[in-house]
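**Q** Let me begin by handing over the structure; questions about it come next.
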């Protein structure tokens, strides 16, 4: 039965778990930027004390919902071989049989109708089941039969593979057509009688039964979809701390294809997953949305994965970065704290080296060009800080320009995803289901502040394979 080919509840969790593959692969062990040799702390230039305290944190407003498509493509392959076996066992070879069927002045008709083996194929976006039908008819008068024929035909059942919005298969439809009819002649050839319609009418109840049996073998997909939706909507804790929040939005069915022995259907999970270093509030569960369709759903797609961590924790990664030119003296960041200032990060830096003191800047954040680290983008001095720098021998513009070269690590190194995602996917396989994942590209996307958190997003392009063994 195809019903048994659909992944059971533990299997559908494999797809949900794949959303969190990126989460188990970096975390606390992510590599930090290279550390430079210590810079002697001569402090020959000192920044004076601030005349007033820095303003407090101003949490960033929630960013607008992403308009970028984010889908995880799953290729689900199911075996079809047992569908024919089930039909063979439930639909007997004899479809119809009758004796002494009156045919007027020609006497009566005896006939039998038998089917051949069932065959299954995928044609376009439909599952097609066929069987050849052969009949034998005899025209008789009394106990003597004076004419016979052997009509032949083909029954074809078609099941649309495009599911309904309620995650159900549409009912199958069986069509029958004779490829060779049957006529008998009576009264010395004076009367010609076509008995083909009689035989066709006789086998209609059997054809309806074929429809019912095929529909009964098709899996009830909505319960599976609801279980999958519930699984992927959960927050999942990670071994090294933190959790994954999937943020599912919808399920899309793409094209279907296959061979006589297997069916291959493409699905897309619309989601905006997050890897969080601290779990926080999880969005309320959403009911399973109606299934949508995209005939052009690609074989792989881009998934937007947000790496979310507290801004203060991320900014501390600046500590110990390479010394920089402060304009007349060299310095390094020995301490870094950060709070949100609207859509900007306000960083309070403790400088040590030839130039020492506290310095506050505000900046947007972004990825470096190589996509391995995060950086300050167009930093500017916080209120009153430029004046403090100008009161020394340091060059304010040189400092802010130098700070753009500072680097700090994201929660997870994006380059690790290409190898770790397939490895973890393979570990989810079992004797009944082969699970594989492919990552073709990891591309930095954007960095935004959300409340007191930093969200660094990447595009992960790839797909998942779920194949019954």
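In this note's numbering, the protein residues as written are 327 to 795. C-beta atoms are modelled at their ideal positions from N, C-alpha and C, and glycine is treated no differently.
Tell me which residue opens and which closes the alpha helix (DSSP H) that residue 376 is part of.
**A** Premise fails: residue 376 is in no alpha helix (DSSP H) and is neither H nor E.
**Q** What does the alpha-carbon distance come out to for the pair residue 382 and residue 665?
**A** Looking at the two C-alpha atoms, the distance is approximately 8 Å.
**Q** Leaving out the 5 sequence neighbours to the left and right, which residues in its chain are closer than 8 Å to residue 701 when beta-carbon positions are compared?
**A** Contacts found: 691, 692, 693, 694, 730, 731, 732, 733, 734.
**Q** Below 8 Å on the Cβ atoms is my contact criterion, and I expect residue 401 with residue 791 to pass it. Report the Cβ-Cβ distance as a whole number of Å.
**A** Right, their Cβ atoms sit about 5 Å apart.
**Q** In terms of DSSP beta bridges, what is residue 460 paired with?
**A** Answer is 440, 478, bridged to residue 460.
**Q** Identify whether residue 432 lies in helix, strand or coil by the three-state DSSP scheme.
**A** Of the three classes helix, strand and coil, the one that applies to residue 432 here is helix, per DSSP.
**Q** Should the region 612 to 631 be regarded as contacting the region 719 to 730, the criterion being three or more beta carbon pairs within less than 8 Å?
**A** The answer is no - the region 719 to 730 does not touch the region 612 to 631, with fewer than three Cβ pairs under 8 Å.
**Q** Take residue 519 as the anchor and find which of 474, 598, 629, 576 has the nearest alpha-carbon.
**A** Measuring from the Cα of residue 519, the nearest candidate turns out to be 474.
**Q** On the criterion of 16 or more Cβ atoms from any shown chain inside 10 Å, does residue 672 qualify as buried, or is it exposed?
**A** With 16 or more other Cβ atoms within 10 Å, it is buried.
**Q** Beta-carbon within less than 6 Å of residue 493's beta-carbon, same chain only, minus the 5 sequence neighbours each way: which residues are those?
**A** For residue 493, where only same-chain residues beyond five positions count, the Cβ hits under 6 Å are 547, 548, 551, 617.
**Q** Please tell me whether residue 753 has its Cβ less than 8 Å away from any Cβ of chain B.
**A** Although the question refers to chain B, the structure presented lacks it and comprises just one protein chain.
**Q** What distance in whole Å lies between the Cβ atoms of residue 498 and residue 449, which are believed to be in contact at a cut-off of 8 Å?
**A** Actually they are not in contact, since the Cβ atoms of residue 449 and residue 498 sit about 14 Å apart, beyond 8 Å.
**Q** Do residue 640 and residue 780 have their C-beta atoms closer together than 8 Å?
**A** Their beta carbons are under 8 Å apart, which means residue 640 touches residue 780 by this criterion.
**Q** Beta-carbon within less than 6 Å of residue 675's beta-carbon, same chain only, minus the 5 sequence neighbours each way: which residues are those?
**A** 659, 662, 685.
**Q** From residue 437 to residue 464, what does the alpha carbon distance come to, in whole angstroms?
**A** C-alpha separation (whole angstroms): 6 Å.
**Q** Output the distance between the C-alpha atoms of residue 777 and residue 635, rounded to the nearest integer angstrom.
**A** Roughly 11 Å separates the two Cα atoms.
**Q** Distance check for residue 710 and residue 375, CA to CA, integer angstroms please.
**A** Roughly 11 Å separates the two Cα atoms.
**Q** Do the region 474 to 483 and the region 451 to 466 touch if we need at least three Cβ pairs shorter than 8 Å?
**A** Because the criterion of three Cβ pairs below 8 Å is met, the region 474 to 483 and the region 451 to 466 touch.
**Q** Which residue marks the beginning of the alpha helix (DSSP H) containing residue 638, and which one marks its end?
**A** Per DSSP, residue 638 belongs to the alpha helix (DSSP H) from 637 to 641.
**Q** Per DSSP, what kind of secondary structure is residue 620 in: helix, strand or coil?
**A** It is coil, neither helix nor strand.
**Q** Using alpha carbons as the reference points, say which of 604, 655, 599 lies closest to residue 784.
**A** Selected option, being the one with the closest Cα: 599.
**Q** Can you tell me which of the three DSSP states residue 720 falls into?
**A** Residue 720: coil per DSSP, three-state reduction.
**Q** Pick out the complete alpha helix (DSSP H) segments inside the region 625 to 675, 4 residues or longer, and give them in chain order.
**A** Entirely contained in the region 625 to 675, the alpha helix (DSSP H) runs reaching 4 residues are, in chain order, 637 to 641.
**Q** Run the CB neighbour count on residue 714, radius 10 Å, all protein chains shown included, and call it buried at 16 or more, exposed below.
**A** The residue is buried, with at least 16 neighbouring Cβ atoms inside 10 Å.
**Q** Spell out the partners DSSP gives residue 832 in its beta bridges.
**A** The first residue shown for the chain is 327 and the last is 795, placing residue 832 beyond what the model contains.
**Q** Checking 8 Å against the spacing of the C-beta atoms, do residue 481 and residue 457 come in under that value?
**A** Yes, the Cβ-Cβ distance between residue 481 and residue 457 is below 8 Å.
**Q** Run through DSSP, which three-state label would residue 747 get?
**A** It is helical.
**Q** Quick check on the burial criterion: 16 or more other C-beta atoms within 10 angstroms. Buried or exposed for residue 513?
**A** Exposed is the call here.
**Q** How many whole angstroms separate the CB atoms of residue 406 and residue 794, which I take to be in contact at a CB cut-off of 8 Å?
**A** Between residue 794 and residue 406 the Cβ distance is about 10 Å, and since that is not below 8 Å, they are no contact.
**Q** According to the neighbour-count rule (16 or more other Cβ atoms, all chains shown, within 10 Å of its Cβ), is residue 352 buried or exposed?
**A** Because the pLDDT at residue 352 is just 41, under 50, the model does not fix this residue reliably, and the point stays unresolved.
**Q** If you run the structure through DSSP and keep just helix, strand and coil, what is residue 487?
**A** Looking at residue 487 - three-state DSSP - the assignment turns out to be coil, as it is neither helix nor strand.
**Q** In terms of alpha-carbon separation, which member of 543, 583, 603, 592 lies closest to residue 569?
**A** The candidate whose alpha carbon is nearest that of residue 569 is 603.
**Q** Helix, strand or coil: how does DSSP classify residue 505 here?
**A** DSSP places residue 505 in strand when its eight states are reduced to three.
**Q** Report the option in 773, 608, 398 whose CA atom is closest to the CA atom of residue 697.
**A** Minimum Cα distance to residue 697 is reached at 773.
**Q** Given a threshold of 16 other Cβ atoms within 10 Å of its Cβ, counted over all protein chains shown, does residue 526 qualify as buried or as exposed?
**A** Answer is buried; the Cβ neighbour count reaches 16.
**Q** Tell me whether residue 516 is buried or exposed, calling it buried when 16 or more other Cβ atoms sit within 10 Å of its Cβ.
**A** Exposed: under 16 other Cβ atoms inside 10 Å.
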